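Each protein sequence line maps, in turn, to chains A and B. Using full-length UniProt numbering, the first residue of the first sequence is number 1, and each one after it goes up by one. Using full-length UniProt numbering, the first residue of the second sequence is number 1, and each one after it goes up by one. Where is the CB? At the ideal position from N, CA and C, for every residue including glycine. Treat the numbers as computed from the prediction; the structure is a model and nothing was measured. Before any comments, here is the structure.
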Amino acid sequence: MIGQYIPGHSPLHQMDPRAKLLFVFAYMFAVFLANNPATYGLLVLFTGIGIYFSRISLSVFYRSMKPVFILILLTSLLHLWMTRGGEALFSFSFLTIYEEGVRQAIYISIRFFLLMAAASLLTFTTSPIDLTDGMESLLKPFERLGVPAHELALMMSIALRFIPTLWEETEKIKKAQMARGADFESGHVFKRVKSYIPVLIPLFISAFRRAEDLALAMESRCYRGGKGRTKWRELHYSHLDVVLLLLFVILLTALWLLRK
Amino acid sequence: MSARKLTSIAFIAAVYAVLTYVFAPLSYHYIQFRISEMLTVLPFLTPTAIPGLFLGAVIANLGSPLGIYDVMFGGLATLIAAWLTSKMPNRWLAPLPPVIINAVIIGIELGTIAGIPGLTIPLAMLWVGLGELAVCYLLGIPFLLLLERYRGRIPGFNAKK
């Protein structure tokens with residue numbers, strides 16, 4: 001799940017969070033440059049190498065992507081059915097599958113996996129504290145424009161930190177309501193969606209209670225904003241980050257040369 | 001910014017993101033029923049929800065098939081809609097801004113970038129708008145009414161409108 005951190009000592013874990021954030025941001029644009037088998041192949045290879053060096057098992061990635069499989073399937077089917085062009089590969093009454101449809105369906109699915117893998121790799125290998133420090137440091141130049149860099153980064157990382165917790169809580173509340181006779185599985189889509197309101201209100205109140213507790217904990221530790229705050233651990237770029245930058249430049253050049 | 005306000009914003013963002021992920025297959029397509037959008041009525045009760053929803057949309061859209069584009073456009077649309085909702089004169093109009101703003105901004109985004117065959121901009125606007133309309137009114141209004149009942153139990157929600 002996005003937001004989860006898996007501790008480790010891999011090269012990806014050791015990179016500077018700023019370098020990783022910038023890389024993922026740029027990479028998400030770069031993915032859209034791919035438009036033929038060579039470029040998609042290159043991206044898959046690149047992402048595969050990233051996953052290998054993160055030393056995180058594939059099953060973890062599989063679990064983090066599972067919720068969106070249906071979405072990928074839906075989009076692919078839509079392409080198979082609707083996209084026309086090239087040779088007709090298969091025809092049965094109203095359904096004709098064209099070459100272009102198959103190609104687009106495959107490309108879209110790959111792109112989907114690439115984007116998910118990049119976002120997952122970032123949060124899997126970067127601790128919430130590093131992520132916050134990285135974001136804060138990257139947003140610092142915008143402070144002059146009135147962007148509250150410190151607060152924004154802190155809120156973002158609190159939110160990311162509590163997503164898995166609240167997810168678990170949602171499941172727990174759901175089970176608790178089912179034990180009281182709630183039914184989430186039958187009826188048409190609106191009825192089903194509406195049956196979630198008894199889950200949402202407790203979730204919401206519990207979230208606010210946690211927010212209160214956290215605020216109290218912060219205040220009792222004398223938290224008073226970013227101004228004048230010093231850091232125990234400062235961020236430093238290392239040779240690994242230079243390697244990442246070089247790899248990205250090579251990737252971008254290769255994509256540019258290989259694309260149609 | 002006080003620690004209390006800061007954590008409230010962060011938790012609104014987290015709840016938005018969790019609801020988007022829990023209902024993931026429904027959340028990202030052009031015929032979308034993003035259940036988390038029912039939270040867009042919150043700015044009507046507290047201005048804390050404006051940055052909260054913005055951050056929530058940014059985090060939630062990190063899991064979108066359109067990646068960084070959805071993060072930018074979705075975040076922007078949510079921010080504008082949340083600000084407008086906080087300015088609405090009564091609760092029946094509170095869910096209207098997210099419907100209109102999302103239909104326009106996300107409609108243009110999906111119609112141009114998504115590359116879904118047969119999906120033109122007006123068609124994308126229509127579908128996104130209908131999905132938002134259903135969620136924001138059918139779920140948003142009951143949610144708002146219930147929250148008003150529990151208002152006393154939720155910190156920062158005491159300002160009567």
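The three-state secondary structure of residue 89/A, taken from DSSP, is strand. A direct Cα-to-Cα measurement between residue 201/A and residue 72/A gives close to 31 Å.
Straight-line measurement puts the Cα of residue 54/B at about 7 Å from the Cα of residue 76/B.
When the five nearest sequence neighbours on each side are left out, the beta carbons in the same chain lying within less than 6 Å of the beta carbon of residue 251/A are those of 46, in order along the chain.
Chain B places no beta carbon closer than 7 Å to that of residue 178/A, leaving this residue out of the contacts. With a minimum length of 4 residues, the unbroken runs of alpha helix (DSSP H) contained wholly in the segment 103–162 of chain A fall at 128–139.
At least 7 Å separates the beta-carbon of residue 124/A from that of residue 51/A.
Identification of chain B residues near residue 167/A by a Cβ-Cβ cut-off of 9 Å yields 18, 21 and 22, ordered along the chain. Contact annotation for residue 135/A against chain B: no contact, minimum CB-CB distance about 11 Å [criterion: below 8 Å]. Residue 203/A sits away from residue 158/A, with the two beta carbons spaced by 7 Å or more.
Residue 91/B does not reach chain A, its nearest Cβ partner there being about 17 Å away, counting only Cβ pairs nearer than 8 Å.
For residue 98/A, the uninterrupted beta strand (DSSP E) run begins and ends at 95–98, by DSSP. The beta-carbon of residue 85/B is placed no less than 7 Å from the nearest beta-carbon of chain A. Nearest CB-CB separation between residue 6/B and chain A: below the 7 Å threshold. Within 10 angstroms of the beta-carbon of residue 20/A lie 16 or more other beta-carbons, which makes it buried. Put simply, the CB of residue 124/B is far from chain A, with every gap to its CB atoms at 7 Å or more.
At least one C-beta of chain B is nearer than 7 Å to the C-beta of residue 151/A.
Here the C-alpha atom of residue 146/B lies approximately 48 Å from the C-alpha atom of residue 34/A.
By the neighbour-count criterion, in which a residue is buried when 16 or more other Cβ atoms sit within 10 angstroms of its Cβ, residue 39/A is buried. Contacts with chain A at 7 Å (Cβ-Cβ) do not include residue 73/B. In this structure, residue 133/B sits away from residue 124/B, with a CB-CB distance that is not shorter than 7 Å. With a cutoff of 7 Å on beta-carbon distance, residue 127/A and residue 5/A are scored as near each other. Here residue 140/B is buried, its C-beta having at least 16 other C-beta atoms within 10 Å. For residue 153/A and residue 135/A, the gap between their C-alpha atoms comes out near 6 Å.
Not one beta carbon of chain B lies nearer than 7 Å to the beta carbon of residue 132/A. Residue 221/A sits in coil when the DSSP states are folded into three classes, being neither helix nor strand. Ranked by Cα distance from residue 21/B, the options 42/B, 61/B, 46/B and 121/B are led by 61/B. CA-to-CA, the gap between residue 14/A and residue 161/A works out to about 20 Å.
Here the segment 34–54 of chain B makes contact with the segment 72–86 of chain B; the two share three or more CB pairs at distances below 8 Å. Membership of residue 256/A in the alpha helix (DSSP H) is indicated by the continuous run 239–258. Not a single C-beta of chain B is nearer than 7 Å to the C-beta of residue 117/A. In this structure residue 95/B is buried. Its beta-carbon is surrounded by 16 or more other beta-carbon atoms within 10 angstroms. Its chain contains 24 and 27 as the residues whose beta carbon lies nearer than 6 Å to that of residue 118/A, once the 5 sequence neighbours on both sides are disregarded; these appear in chain order.
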